[in-house]
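Enquirer: This structure is in structure tokens; I'll ask about it shortly.
This is the structure in structure tokens:
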């Protein structure tokens with residue numbers, strides 16, 4: 001009789017947990033916590049030895065004595081109520097995080113698991129926090145950020161926090177814990193050259209943080225004393241070198257910076273005054289062309305800046321020559337993936353970028369269409385379109401840029417399809433995407449089935465690449481129809497439907513994308 005290898009595990013877990021309540025066979029006591037919150041736990045050396053590398057090392061120096069004296073160890077850095085949860089996991093392999101009323105307890109459990117080297121539990125806790133507690137992490141970013149770097153095993157949480165700073169600095173700076181952000185962390189945020197935030201916003205946040213560190217200061221700088229300005233000046237001194245005042249307009253400088261002029265270094269203030277006094281109120285002295293903003297759940301400022309360079313046909317190392325503003329038109333995860341929604345929102349719009357997040361991996365696909373989208377079936381011609389992919393969405397260096405080679409087939413329009421490029425190079429329908437090189441320089445996507453688009457087969461009625469169902473004439477050597485043309489009103493080759501055979505294909509694309517049209 002075949003036995004499911006796992007069917008006895010629940011009972012084993014229950015029996016092992018019962019050992020914790022057994023007063024007879026324990027051989028070690030664990031003192032957990034520090035005064036006045038200390039609790040003594042009873043346990044079994046053999047289980048602790050094999051479940052925790054950290055406890056194994058401690059037990060190796062606390063050998064069991066022949067006189068019957070119990071081994072005792074101390075864990076002063078862990079709260080008793082947290083260790084109770086950990087101990088149940090060690091014995092029974094069970095942990096129900098949904099029952100934790102306070103997410104802060106999960107952070108405490110993670111810290112304890114890190115101290116005890118419980119790697120399986122560490123990975124589980126990190127994944128749970130990232131997948132289920134994103135809003136809480138943003139609101140308590142300072143706490144989570146610091147906790148993530150307290151142990152080298154918390155790499156997943158460290159990476160998440162670092163990416164969050166890069167992608168959504170505004171969320172961090174608007175969080176309820178903003179005033180408690182350490183100086184070093186805030187400096188690292190504003191020091192980032194790819195910060196997705198205007199310079200005037202940066203200045204306002206720095207002032208807000210500085211005032212929060214000195215609650216005794218008045219809220220209105222007009223009432224500041226000389227000593228008040230000196231206090232604020234000392235608080236802000238680490239930030240000033242990284243604020244790009246040249247990216248302010250003279251109007252912004254006058255209304256937001258001048259009131260705090262006595263908190264600036266004298267020489268810096270004199271230099272800025274000379275610059276802004278001779279400037280149009282709405283012009284920035286160092287008006288470097290760059291991406292103004294990006295509202296995307298998929299790409300970051302860095303991606304947007306690189307795409308902008310591709311639009312201008314610049315090299316990666318070139319400075320942007322035009323200022324790009326990205327406006328969100330449609331987001332698939334919010335608005336839906338149906339083709340009619342796409343055409344309703346995007347038809348007759350030019351200069352659009354399609355961004356696709358591939359499901360279950362970190363790949364990003366996309367394309368740029370400089371001409372207008374249409375609902376009527378046909379191809380749009382342009383020499384300036386391109387498609388692209390980022391193998392790892394977090395690394396902009398791992399990318400493929402593929403420019404159009406067959407200009408007459410650059411853009412494919414059809415009311416049944418979403419944004420599509422070439423005859424088969426990047427084709428979207430619903431939330432499925434297929435990528436097969438044809439009208440562009442390079443293959444950008446993973447291995448999609450060629451039969452999914454019947455690669456190289458054109459409908460002998462409309463002359464478009466066959467997508468979806470392909471109908472082949474059984475009496476002729478080489479005659480094919482697409483599903484649209486395979487109607488009696490369109491068939492002039494044979495009036496009899498029965499001479500056409502359906503050629504199946506696998507429509508199970510490797511990709512189930514989330515789409516953002518910007």
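Residue numbers (the UniProt record's numbering): 1 to 518.
Don't be surprised by glycine CBs; every beta carbon is placed ideally from N, CA and C.
1. Please determine if the segment 215-227 and the segment 159-169 are in contact, where contact requires at least 3 C-beta pairs separated by less than 8 Å.
2. How far does the alpha helix (DSSP H) with residue 109 in it reach, from first residue to last?
3. Throw me the rounded Cβ distance for the residue 330 and residue 349 pair, which I believe falls under 8 Å.
4. How would you label residue 235, buried or exposed, when you count the other beta carbons within 10 angstroms and need 16 or more for buried?
5. Among 207, 260, 204, whose alpha-carbon lies nearest the alpha-carbon of residue 222?
6. Using the DSSP secondary-structure output, state which residues sit across from residue 369 in a beta bridge.
7. Does DSSP put residue 344 in a helix, in a strand, or in coil?
8. Do you know whose CA, among 430, 113, 429, 424, lies nearest residue 437's CA?
9. Taking the straight line between their C-alpha atoms, what separation do you get for residue 145 and residue 158?
10. If you run the structure through DSSP and keep just helix, strand and coil, what is residue 500?
11. Under 8 Å between the Cβ atoms of residue 526 and residue 31?
12. By alpha-carbon positions, which one of 233, 239, 230, 74 ends up nearest to residue 199?
13. Nearest CA to the CA of residue 206: which residue from 242, 251, 390?
14. Residues bridged to residue 402 by DSSP?
15. Contact between the segment 131-143 and the segment 80-95 is defined here as three or more beta-carbon pairs at a separation below 8 Å; is this criterion met?
16. Any idea what DSSP makes of residue 415, helix, strand or coil?
17. Using 8 Å as the threshold, is the C-beta distance between residue 140 and residue 181 below it?
18. When you compare the segment 405-422 with the segment 366-376, are there three or more beta-carbon pairs, one atom per stretch, that lie closer than 8 Å?
19. I need the boundaries of the beta strand (DSSP E) containing residue 434, first residue and last residue.
20. Using the C-alpha atoms, what's the distance from residue 445 back to residue 267?
21. I need the DSSP call for residue 11, collapsed to helix, strand or coil.
22. Distance, Cα to Cα, residue 11 vs residue 121?
23. If you follow the beta strand (DSSP E) that residue 43 is in, where does it begin and where does it stop?
24. Would you report the Cα separation of residue 174 and residue 148, rounded to the nearest angstrom?
25. By the DSSP assignment, the beta strand (DSSP E) with residue 30 in it spans what residues?
26. For residue 500, does the count of other Cβ atoms within 10 angstroms reach 16, so buried, or fall short, so exposed?
27. Under the DSSP definition of a beta bridge, which residues are partnered with residue 170?
28. Can residue 339 and residue 439 be called in contact, C-beta distance under 8 Å?
29. Quick one: is residue 226 buried, meaning 16 or more other Cβ sit within 10 Å of its Cβ, or exposed?
30. Identify, in the order they occur along the chain, each residue of the same chain with its Cβ nearer than 8 Å to the Cβ of residue 382, setting aside the five sequence neighbours on each side.
31. Given residue 276, which residues of its chain have a CB within under 6 Å of its CB, disregarding the five upstream and five downstream residues?
32. Grouping DSSP H, G and I as helix and E and B as strand, with all else coil, what is residue 440?
33. For the alpha helix (DSSP H) holding residue 429, just list the boundary residues, first then last.
34. Based on the DSSP secondary-structure assignment, which residues constitute the bridge partners of residue 421?
35. Return helix, strand or coil for residue 56, following the three-state DSSP convention.
Expert: Short version:
1. Contact between the segment 215-227 and the segment 159-169 is absent, because fewer than three Cβ pairs lie under 8 Å.
2. For residue 109, the enclosing alpha helix (DSSP H) covers residues 103-115.
3. So it is not a contact: roughly 10 Å between Cβ atoms.
4. Answer is buried; the Cβ neighbour count reaches 16.
5. Of the listed residues, the one whose Cα sits closest to residue 222 is 260.
6. Answer by DSSP bridge pairing, in chain order: 352.
7. The answer is helix: DSSP assigns residue 344 an H, G or I state.
8. 424
9. 7 Å
10. strand
11. Outside the displayed span of the chain (1 to 518) sits residue 526, for which this structure offers no information.
12. 239
13. Among 242, 251, 390, the Cα nearest to that of residue 206 is on 242.
14. 387
15. no
16. DSSP places residue 415 in coil when its eight states are reduced to three.
17. no
18. yes
19. 432-434
20. Cα to Cα, the separation comes out at about 54 Å.
21. helix
22. 21 Å
23. 37-43
24. Straight across, the Cα-Cα distance linking residue 174 with residue 148 is about 20 Å.
25. 28-34
26. Flag for residue 500 reads buried.
27. Residue 170 is not bridged to any residue.
28. no
29. exposed
30. 369, 370, 371, 404, 407, 410, 411
31. 250, 253
32. The answer is strand: DSSP assigns residue 440 an E or B state.
33. In the DSSP assignment, residue 429 falls outside any alpha helix (DSSP H) and within the unbroken beta strand (DSSP E) covering 427-429.
34. 411, 426
35. helix
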